[in-house]
Amino acid sequence: MESENASSLLDFVVNYFTFYYVSLLLFLVAGVLMLWRAFRRRKRTPGNRPKTHLSFRYLNDRFDSDVDSLQRELQKHPFLPKAALKLLRKAQKKEGKSEEQETKSDSQTTLEKIREQLDSGLSTEEVIGKHSNRVYVLSFTGNIMASAVEQLREEISFLLQIGLPSDEIVVRLTSPGGAVAQYGYASSQLLRLRQAGLNCTVCVDTVAASGGYMMAAAAQKIIAAPFAFLGSIGVVASVPNFHRVLQRNEIDYYLFTAGEYKRTVTPFAEVTEEAREKFQADLSAIHQAFKDHVTQYREGLDIEKVATGEYWLASKALELKLVDELLTSDDYLHGKMEEGFDVIEIRTVEERKPLERLLQQGAQLFQRVLQSRLPLPDSQPLDVREYYR
């Protein structure tokens with residue numbers, strides 16, 4: 002019995018110190034990464050920012066190589082007799098020839114249509130627009146300051162140069178909202194597509210609340226997964242006030258302004274009733290602008306019913322006309338592929354030096370290990386009423 006206890010204690014000690022040293026190493030890697038990033042930020046100027054470029058991925062055939070690998074593996078372990086497999090292969094070849102003939106016929110028909118359109122006086126750009134069937138896919142994951150908006154801006158600027166009226170831009174949007182000005186700017190980026198006559202669809206798989214929904218409302222169509230959160234059409238602000246703490250400690254705080262409302266509510270000055278009313282009036286004005294924005298681009302919804310600051314599951318949001326269709330982004334894009342559209346994903350890639358890539362990978366490894374070992378806040382159930390505001 003004593004030997005078993007001693008063995009258990011030894012195992013515990015070994016595991017503890019193993020985890021301790023691994024964690025220490027990962028903390029050191031994360032520390033080096035943070036120092037490196039801080040150094041890079043200080044070193045950066047508008048003229049030497051890291052170079053970025055757009056990468057393109059054709060999504061229609063992204064599984065083709067995997068399907069081929071699966072077929073080769075299945076041929077090693079057939080579940081049907083060899084004679085049956087031979088018969089099926091002959092049938093597949095016959096079907097393939099039939100499809101090739103149909104493709105040639107369609108190509109000939111398209112060629113004749115293009116000749117007729119060119120002969121009728123249409124420009125080459127107009128002809129291409131009539132036959133283009135492309136879907137461009139962008140992704141936006143927003144934090145409180147919508148820091149990904151610069152990448153979105155560049156991607157949209159590119160699409161405005163090459164996009165055609167027949168093309169569709171799908172934006173995979175994930176954001177619980179954040180700062181008013183930043184999300185207003187992000188929303189304006191999507192409006193650029195609309196104003197240019199390009200069809201924009203926003204797909205929400207998890208959340209588009211507050212500023213996130215402000216962005217979604219700028220699209221012609223909103224599609225959401227059934228359990229995604231949408232809404233939160235409201236404005237929130239909170240300011241701690243230490244005025245009484247300063248008074249108790251006999252500390253004077255002086256605030257000098259020029260302009261009646263240059264400062265209303267601050268952390269250290271006494272909050273007067275007039276200042277409180279002005280601060281609330283400013284919030285109400287922002288809220289009204291938010292409501293006007295949603296009303297302008299989402300026809301038919303009862304804005305007073307939905308602009309309460311509440312959020313809803315997409316299934317309920319559909320009833321409130323905050324959403325047009327319940328579907329995941331994957332299903333929507335797959336449907337486009339089935340209809341014959343070319344689906345192309347566009348991403349902004351930042352060119353990194355080998356050391357930067359190594360440090361970034363180390364930080365990601367550190368985060369994964371830490372989340373698997375310790376009960377971090379990210380791994381705990383959240384009260385969504387506090388998170389999605």
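If you count the sequence shown from 1, you need to add 1 to reach the working numbering.
The beta carbon of each residue, even a glycine, is placed where N, CA and C say it ideally should be.
Please read these numbers as outputs of a predicted model, since none were measured by experiment.
### Query
Does the beta carbon of Asn242 sit closer than 8 Å to a beta carbon anywhere in chain C?
Of the protein chains in the structure, only one exists, and it is not chain C.
### Query
Taking buried to mean at least 16 other C-beta atoms within 10 Å of its own C-beta, is Ala182 buried or exposed?
exposed
### Task
Reducing DSSP to helix, strand and coil, say where Ala229 ends up.
DSSP places Ala229 in coil when its eight states are reduced to three.
### Message
Please classify Thr125 as buried or exposed, where buried requires at least 16 neighbouring CB atoms within 10 angstroms.
### Response
exposed
### Task
Using 10 angstroms around the beta-carbon of Gly178, count the other beta-carbons present and answer buried if the total reaches 16, otherwise exposed.
buried
### Task
Can you have a look at Leu375 and say buried or exposed, based on whether 16 or more other CB atoms are within 10 angstroms of its CB?
Confidence at Leu375 is low in this model, with a pLDDT of 49, below 50, so the placement of that residue is unreliable and no value is reported for it.
### Query
DSSP three-state call for Leu328: helix, strand or coil?
coil
#### Entry: Stretch pair the stretch 335 to 353 + the stretch 258 to 275: three plus CB contacts closer than 8 Å
no
### Message
Report the CB separation of Gly310 from Gly235 in whole angstroms; it is logged as a contact under 8 Å.
### Response
Rounded to the nearest angstrom, the Cβ distance from Gly310 to Gly235 is 3 Å, consistent with a contact under 8 Å.
### Message
Please give me, in chain order, every unbroken run of the beta strand (DSSP E) with length at least 3 that falls completely inside the stretch 122 to 168.
### Response
135 to 142
### Query
Going straight from the alpha carbon of Glu169 to that of Val237, what length do you get?
34 Å
### Delimiting residues of the beta strand (DSSP E) encompassing Ser316
Segment Ala315 to Glu320 is the alpha helix (DSSP H) holding Ser316; no beta strand (DSSP E) there.
### Message
If I measure Cβ to Cβ from Arg58 and keep anything under 6 Å in the same chain, skipping five residues before and after, which residues do I get?
### Response
Cβ-Cβ distances below 6 Å link Arg58 to Glu346 in the same chain, with the five nearest sequence neighbours on each side left out; the list follows chain order.
### Query
Would you say Asp206 and Ala219 are within 8 Å of each other, going by their C-beta atoms?
no
### Message
Just to confirm the assignment, what range does the alpha helix (DSSP H) spanning Thr296 have?
### Response
Glu274 to Tyr298
### Task
Could you tell me if Asp379 is buried or exposed, where buried requires 16 or more neighbouring beta carbons within 10 angstroms of its beta carbon?
Only weak support is given to the placement of Asp379: the predicted model assigns it a pLDDT of 42, under 50, and the value that follows is read from those uncertain coordinates. Of the residues assessed, Asp379 falls on the exposed side of the cut-off, its CB having fewer than 16 other CB atoms within 10 angstroms.
### Query
Near Tyr298, what residues of its chain come up, given a Cβ to Cβ distance below 7 Å and the 5 sequence neighbours on each side ignored?
Cβ neighbours of Tyr298 beyond the five flanking positions: Ala218 and Ala219.
### Message
Could you pull the DSSP bridge partners for His54 from this structure?
### Response
Val350
### Message
Taking 8 Å as the threshold (C-beta atoms), are Arg173 and Val138 in contact?
### Response
Taking 8 Å as the cut-off, the beta carbon of Val138 is found closer than this to the beta carbon of Arg173.
### Task
Look at the alpha carbon of Gly301 and the alpha carbon of Leu321, and state the distance between them as a whole number of angstroms.
Straight-line spacing of the CA atoms in Gly301 and Leu321 works out to 9 Å.
### Query
In three-state DSSP terms, what is Leu89?
helix
#### Entry: Three-way DSSP call (helix, strand, coil) for Asp65 in this model
helix
### Query
For Thr265, is the classification buried or exposed, using 16 other Cβ atoms within 10 angstroms of its Cβ as the cut-off for buried?
buried
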